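There are 2 protein chains.
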Amino acid sequence: MAGASFWSQFELRQLRCFVAAAEELHFGRAAARMNMTQPPLSRQIQLLEHVLGVKLLDRTSRAVKLTPAGRVFLLEARRILRLTESAAMATRRIASGEAGTINVGFTAASGYSFLPRLLLQMGSRAPNIALVLKEMVSTDQVESLLTGRIDVGFLRPPIDRGEFSHRRVAREGLVAALPAGDERLAKASLSLADFDAKPLITYAPEGARYFHDLLSAQFESAGVTPNAVQSLSQIHSMLALVRAAIGAALVPEAAMSLHFDDVQFRAVETQPAQPVELYAVWRSDNDNPALAAFLDQIHEDED
Amino acid sequence: MAGASFWSQFELRQLRCFVAAAEELHFGRAAARMNMTQPPLSRQIQLLEHVLGVKLLDRTSRAVKLTPAGRVFLLEARRILRLTESAAMATRRIASGEAGTINVGFTAASGYSFLPRLLLQMGSRAPNIALVLKEMVSTDQVESLLTGRIDVGFLRPPIDRGEFSHRRVAREGLVAALPAGDERLAKASLSLADFDAKPLITYAPEGARYFHDLLSAQFESAGVTPNAVQSLSQIHSMLALVRAAIGAALVPEAAMSLHFDDVQFRAVETQPAQPVELYAVWRSDNDNPALAAFLDQIHEDED
DNA sequence: GCACGGTCATCCAAAATCCGCATCGGTTGA
DNA sequence: TCAACCGATGCGGATTTTGGATGACCGTGC
Chain A
0 MAGASFWSQF ELRQLRCFVA AAEELHFGRA AARMNMTQPP LSRQIQLLEH VLGVKLLDRT
60 SRAVKLTPAG RVFLLEARRI LRLTESAAMA TRRIASGEAG TINVGFTAAS GYSFLPRLLL
120 QMGSRAPNIA LVLKEMVSTD QVESLLTGRI DVGFLRPPID RGEFSHRRVA REGLVAALPA
180 GDERLAKASL SLADFDAKPL ITYAPEGARY FHDLLSAQFE SAGVTPNAVQ SLSQIHSMLA
240 LVRAAIGAAL VPEAAMSLHF DDVQFRAVET QPAQPVELYA VWRSDNDNPA LAAFLDQIHE
300 DED
Chain B
0 MAGASFWSQF ELRQLRCFVA AAEELHFGRA AARMNMTQPP LSRQIQLLEH VLGVKLLDRT
60 SRAVKLTPAG RVFLLEARRI LRLTESAAMA TRRIASGEAG TINVGFTAAS GYSFLPRLLL
120 QMGSRAPNIA LVLKEMVSTD QVESLLTGRI DVGFLRPPID RGEFSHRRVA REGLVAALPA
180 GDERLAKASL SLADFDAKPL ITYAPEGARY FHDLLSAQFE SAGVTPNAVQ SLSQIHSMLA
240 LVRAAIGAAL VPEAAMSLHF DDVQFRAVET QPAQPVELYA VWRSDNDNPA LAAFLDQIHE
300 DED
């Protein structure tokens with residue numbers, strides 16, 4: 000091979016040598032600062048100049064001066080070196096979980112109360128972890144967890160997949176949403192019997208399987224049969240129908256943060272008292288370091 | 000020596016290897032792209048990971064994947080490499096004179112006509128050369144040239160220093176500035192005799208030595224003695240006095256671009272016809288590559 | 001179930017690089 | 001004229017890097 004020494008690119012070592020020399024304007028002192036002797040420093044700078052094809056330092060035996068091109072390159076070199084430092088720092092922070100990005104899936108209902116609290120808490124305790132929120136129903140969350148589109152999902156049971164870990168993050172009770180003028184508003188709290196044979200807006204089994212099954216079980220074990228006048232899957236749509244006095248609805252407590260004119264809420268006694276559960280679910284083999292820091296912030300006692 | 004291998008810093012070669020591997024997600028192909036074999040590429044990436052203290056690539060014998068930290072570092076690495084390219088490019092352009100910065104000194108009078116034309120021309124023919132303009136009198140320009148505060152000065156003769164090079168860039172005639180109503184306005188052009196014993200605003204020998212000496216010599220060789228009613232060094236101040244009908248003034252043609260109400264100009268015949276000279280002056284040992292490109296744009300025939 | 005192909009890590013000898021000592025050439029100031 | 005200083009260069013030795021051979025591991029297909 001003819002020694003085609005094509006080093007068309009310089010190295011950071013050369014930049015560091017050059018910056019030291021340009022700042023000291025003295026090869027000996029620059030070499031001392033770089034913990035080496037003067038000859039190798041001279042060579043590194045010669046190499047850099049050769050790669051660039053540009054003379055950076057005007058050196059006489061008595062004085063070292065920057066050329067105009069050297070002045071410009073000094074600024075660039077300092078910027079590059081700063082960038083390498085910050086890149087290393089940023090990457091270490093990502094790896095340590097101190098900073099990072101987490102893609103979060105959540106159901107509409109969890110967005111009413113749980114998620115805002117969580118965001119607030121994350122903002123103060125882990126300000127460098129960015130959360131990318133994606134609203135999707137529970138089944139889509141499972142799919143997205145498997146493909147890695149989200150790191151963690153907030154969803155309703157059941158969670159069956161073996162490759163998932165999960166943690167219950169919230170429990171809440173049911174409340175009745177009643178239209179203005181409903182006679183049950185006179186009571187401070189209701190029992191399931193108060194809904195027997197009364198018009199009730201219920202959950203669609205396809206779009207809101209969890210709430211549908213939950214209410215079905217509750218009413219069955221209480222021996223109560225409400226009059227299902229309509230079934231929907233979105234809570235805010237249900238409240239709109241309540242407002243129109245189509246019937247009552249049973250919604251999770253968190254939905255009380257949705258304010259509708261002429262719709263009022265009353266506690267409902269159930270067995271157990273807080274039957275509505277929300278789980279955080281993530282892949283056990285998720286390697287996002289920020290996820291651990293995130294999960295540290297998720298505890299049920301927050302509710 | 001205990002092997003205190005403190006390499007707390009990575010090298011660009013490692014970044015290039017990492018970017019190749021991260022883009023190919025295959026060590027063999029990445030090595031081929033880097034014109035080397037797979038083992039050294041593996042080592043470079045291991046070294047990089049060791050320096051950062053962060054695992055960047057998840058490698059099984061079947062697949063290579065970026066870790067979250069690796070994804071972030073890939074962006075940073077690409078940015079650093081882009082920056083090195085553009086830094087080299089920019090520096091080469093500076094060195095070739097294609098781009099750069101030139102500090103330019105100029106006298107107030109040269110700013111009226113010559114400098115605007117020059118700026119326009121430079122803007123179209125050498126758009127990457129930035130001109131930093133500093134107005135100063137000729138003596139200050141000489142001082143600034145010596146200390147390097149300006150690369151080139153536009154000034155009046157004499158230029159005596161041996162370390163300077165110079166080039167005449169403009170010659171122009173003298174014109175008379177006359178107040179409204181002056182009887183000499185009836186003539187199309189004047190001779191120096193028209194100023195004999197008439198009130199004339201002259202140049203101060205300290206602040207405007209060149210014009211003072213020029214006019215003194217002109218009048219003396221013509222055998223004319225005007226009545227010097229006032230002496231100033233700034234042309235626009237002189238024109239203000241002309242407007243107030245204090246007297247006439249002799250100014251370079253370029254000053255005609257200064258418009259004063261009630262001040263009109265008439266050509267004045269002199270010997271030679273264009274006695275006012277402007278020179279570009281620079282240090283012969285100035286190493287600013289942009290200066291050569293700049294001087295290419297400076298020719299007397301522009302006037 | 002087993003052989004095979006593919007992939008990345010490791011080992012090791014050879015090559016390349018880098019370092020530092022000694023020295024040179026050129027300049028400055030005494 | 002000489003001594004001191006500074007950066008460049010030559011050269012021998014230490015260090016690092018390279019690349020072929022090999023190993024370990026894992027899917028795949030027969």
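As given, the protein sequences belong to chains A and B, one line each in that order.
Heads up: the first sequence at position 212 corresponds to 211 in numbering that gives the first Met the number 0, and the numbers run straight through without jumps.
Heads up: the second sequence at position 290 corresponds to 289 in numbering that gives the first Met the number 0, and the numbers run straight through without jumps.
Yeah, the Cβ is synthetic: ideal placement off N, Cα and C, and Gly gets one too.
This structure is a prediction, so every number in the text was calculated from the model and none was measured.
Quiz item: According to the neighbour-count rule (16 or more other Cβ atoms, all chains shown, within 10 Å of its Cβ), is alanine 216/B buried or exposed?
Solution: Taking the first residue of the second sequence as 1, we reach residue 216/B at position 217. Exposed: under 16 other Cβ atoms inside 10 Å.
Quiz item: In chain A, which residues lie with their C-beta within 8 Å of the C-beta of glycine 52/B?
Solution: For the purposes of this step, residue 52/B is taken as the residue at position 53 of the second sequence. Per Cβ cutoff of 8 Å: Arg91 and Ala94.
Quiz item: When burial is assigned at 16 or more other CB atoms within 10 Å of the CB, is serine 137/A buried or exposed?
Solution: Here residue 137/A refers to the residue found at position 138 when the first sequence is read from its first residue. Burial call: buried.
Quiz item: Secondary structure at histidine 25/B, three-state DSSP: helix, strand or coil?
Solution: As a first step, residue 25/B must be located in the second sequence, where it is residue number 26. Of the three classes helix, strand and coil, the one that applies to histidine 25/B here is coil, per DSSP.
Exercise. Can you pull the chain B residues whose beta carbon is under 9 Å from the beta carbon of threonine 66/A, in chain order?
Key: As a first step, residue 66/A is located in the first sequence; it is residue number 67 there, counting from the start. Simply Ile93, Ala94, Asp286, Asn287 and Pro288.
Self-check item: With 16 other Cβ atoms within 10 Å as the buried cut-off, status of alanine 1/A
Solution: As a working mapping, residue 1/A is identified with position 2 in the first sequence. Its pLDDT being 34, under 50, alanine 1/A is placed unreliably in this model, and the value from its coordinates should be taken loosely. Exposed, by the Cβ-count rule.
Quiz prompt | DSSP three-state assignment for valine 131/A, whether helix, strand or coil | solution = By one-based count along the first sequence, residue 131/A stands at place 132. In the structure shown, valine 131/A sits in a strand (DSSP, three-state: E or B).
Quiz item: Taking DSSP as the reference, what is the three-state secondary structure of glutamine 43/A?
Solution: For this step, residue 43/A is matched to residue 44 along the first sequence. Note: glutamine 43/A maps to helix in three-state DSSP.
Exercise. Taking alanine 292/B as the reference, give the member of Ala29/B, Val275/B, Gly99/B and Arg160/B with the closest Cα.
Key: As a first step, residue 292/B is located in the second sequence; it is residue number 293 there, counting from the start. When only C-alpha atoms are compared, the closest one is Gly99/B.
Quiz item: Listing by chain order, which chain B residues have their CB less than 8 Å from the CB of glutamine 296/A?
Solution: If you number the first sequence from 1, residue 296/A lands on position 297. In chain order: nothing, as chain B lies at least about 18 Å away.
Exercise. Could you name the residues of the stretch 5-27 of chain B whose beta carbon sits closer than 8 Å to any beta carbon of chain A, in the order they occur along the chain?
Key: Gln8, Phe9, Glu10, Leu11, Arg12 and Arg15
Practice problem: Evaluate glutamate 301/A with the Cβ neighbour count: other Cβ atoms within 10 Å of its Cβ, from every protein chain shown; 16 or more gives buried, anything less gives exposed. | Solution: Along the first sequence, one-based indexing puts residue 301/A at 302. Residue confidence is low: glutamate 301/A scores 44 on pLDDT, short of 50, so the model does not pin down where it sits. Its coordinate-derived value is still stated next. Looking at its Cβ environment, which holds fewer than 16 other Cβ atoms inside 10 Å, glutamate 301/A is exposed.
Quiz item: Any idea if arginine 155/A is buried or exposed, counting beta-carbon neighbours within 10 angstroms, 16 or more meaning buried?
Solution: On the first sequence, position 156 is the one that residue 155/A refers to. With 16 or more Cβ atoms within 10 Å of its Cβ, arginine 155/A is classed as buried.
Self-check item: Inter-residue spacing [alpha-carbon to alpha-carbon] between valine 53/A and serine 95/B
Solution: As a working note, residue 53/A is residue 54 in the first sequence. As a working note, residue 95/B is residue 96 in the second sequence. Valine 53/A and serine 95/B: Cα-Cα distance of roughly 9 Å.
Exercise. Quick one: give me the first and last residue of the alpha helix (DSSP H) that leucine 294/B is part of.
Key: Counting from 1 along the second sequence, the entry for residue 294/B is found at position 295. Per DSSP, leucine 294/B belongs to the alpha helix (DSSP H) from 288-295.
Exercise. Please check if any C-beta of chain B sits within less than 7 Å of the C-beta of isoleucine 44/A.
Key: Here residue 44/A refers to the residue found at position 45 when the first sequence is read from its first residue. With 7 Å as the cut-off, isoleucine 44/A does not count as an interface residue toward chain B.
Self-check item: Residues near leucine 205/A by beta carbon distance below 8 Å, same chain, minus five either side
Solution: Stepping through the first sequence from its first residue, residue 205/A is reached at position 206. Checking the sequence, you will find glutamate at residue 205/A rather than leucine. Taken in chain order, the residues that qualify are Ser232.
Exercise. For isoleucine 79/B, decide whether its Cβ has a neighbour in chain A, counting only Cβ atoms nearer than 7 Å.
Key: One-based indexing of the second sequence puts residue 79/B at position 80. So, interface residue.
Quiz prompt | Under the three-state DSSP convention, the category glutamate 162/A falls into | solution = In the first sequence, counting from the first residue as 1, residue 162/A sits at position 163. In the structure shown, glutamate 162/A sits in coil (DSSP, three-state: anything other than H, G, I, E or B).
Exercise. Decide if asparagine 34/B is buried, meaning its Cβ has at least 16 other Cβ atoms within 10 Å, or exposed.
Key: By one-based count along the second sequence, residue 34/B stands at place 35. Asparagine 34/B is exposed by the Cβ-count criterion.
Practice problem: Please look up how many angstroms separate the CB atoms of aspartate 261/A and proline 178/A, rounded, as I've assumed it's under 8 Å. | Solution: On the first sequence, position 262 is the one that residue 261/A refers to. On the first sequence, position 179 is the one that residue 178/A refers to. Confirmed, about 6 Å.
Exercise. Output the distance between the C-alpha atoms of valine 141/B and alanine 266/B, rounded to the nearest integer angstrom.
Key: Position 142 of the second sequence, counting from 1, holds the residue named residue 141/B. Position 267 of the second sequence, counting from 1, holds the residue named residue 266/B. Rounded to whole angstroms, valine 141/B to alanine 266/B spans 32 Å at the Cα level.
Quiz prompt | Interface partners of aspartate 57/B on chain A, CB under 9 Å | solution = Reading the second sequence from its first residue, position 58 is the one you call residue 57/B. For aspartate 57/B, the neighbours in chain A by C-beta distance under 9 Å run, in chain order, Asp286.
Quiz prompt | Residue nearest to proline 67/B in terms of C-alpha spacing, selected from Ile297/A, Gln296/A, Asp295/A and Leu290/A | solution = As a first step, residue 67/B is located in the second sequence; it is residue number 68 there, counting from the start. Looking at the Cα atoms, Leu290/A is the closest of the given residues.
Quiz item: Would you say glutamate 268/A faces chain B, with C-beta separation under 7 Å as the test?
Solution: The residue labelled residue 268/A in the question sits at position 269 within the first sequence. Cβ-Cβ to chain B under 7 Å: no for glutamate 268/A.
Exercise. Run the CB neighbour count on alanine 3/B, radius 10 Å, all protein chains shown included, and call it buried at 16 or more, exposed below.
Key: The sequence position of residue 3/B within the second sequence is 4, counting from 1. At alanine 3/B, the pLDDT of 39 sits below 50, so the modelled position is not reliable and the matter cannot be decided from this model.
Quiz prompt | Inter-residue spacing [alpha-carbon to alpha-carbon] between glutamine 8/B and arginine 70/B | solution = One-based indexing of the second sequence puts residue 8/B at position 9. One-based indexing of the second sequence puts residue 70/B at position 71. Spanning the two alpha carbons is a distance of roughly 19 Å.
Quiz item: What are the residues that DSSP puts in a beta bridge with valine 280/B?
Solution: Here residue 280/B refers to the residue found at position 281 of the second sequence. Its beta-bridge partners are Gly152/B and His165/B.
Quiz item: Of all the CB atoms in chain B, is at least one closer than 7 Å to the CB of valine 151/A?
Solution: Within the first sequence, numbered from 1, the residue matching residue 151/A stands at position 152. No, its Cβ sits nowhere closer than 7 Å to a Cβ of chain B.
Exercise. Sort Phe194/A, Leu173/A and Gly172/A by Cα distance to glutamate 182/A and report the nearest one.
Key: Counting from 1 along the first sequence, the entry for residue 182/A is found at position 183. Among Phe194/A, Leu173/A and Gly172/A, the Cα nearest to that of glutamate 182/A belongs to Phe194/A.
Quiz item: What beta strand (DSSP E) runs, 3 residues minimum, are completely inside the stretch 63-137 of chain A?
Solution: 63-65, 99-105 and 128-134
Quiz prompt | Three-state secondary structure assigned by DSSP to threonine 36/B | solution = Within the second sequence, residue 36/B is the residue found at index 37, counting from 1. Under the three-state reduction of DSSP, threonine 36/B is assigned to coil, being neither helix nor strand.
Exercise. Using a Cβ-Cβ cut-off of 7 Å, state whether glutamate 75/A counts as contacting chain B.
Key: Counting from one through the first sequence, the residue named residue 75/A turns up at place 76. Yes - at least one Cβ of chain B is within 7 Å of the one on glutamate 75/A.
Quiz prompt | Cβ neighbour criterion (16 or more within 10 Å) applied to asparagine 226/B | solution = Within the second sequence, the letter at position 227 stands for residue 226/B. Under this definition asparagine 226/B is an exposed residue.
Quiz item: Got a sec? Which residues, its chain only, sit under 7 Å from phenylalanine 264/B by beta carbon, not counting five neighbours each side?
Solution: Start at 1 with the first residue of the second sequence, and residue 264/B comes out as number 265. Spatial neighbours of phenylalanine 264/B in its own chain (CB-CB distance under 7 Å, excluding positions within 5 residues in sequence) are listed in chain order as Val174, Ala175, Ala176 and Met255.
Quiz item: Any idea which residues DSSP pairs tyrosine 202/A with across the strands?
Solution: Counting from one through the first sequence, the residue named residue 202/A turns up at place 203. Per DSSP, Leu231/A.
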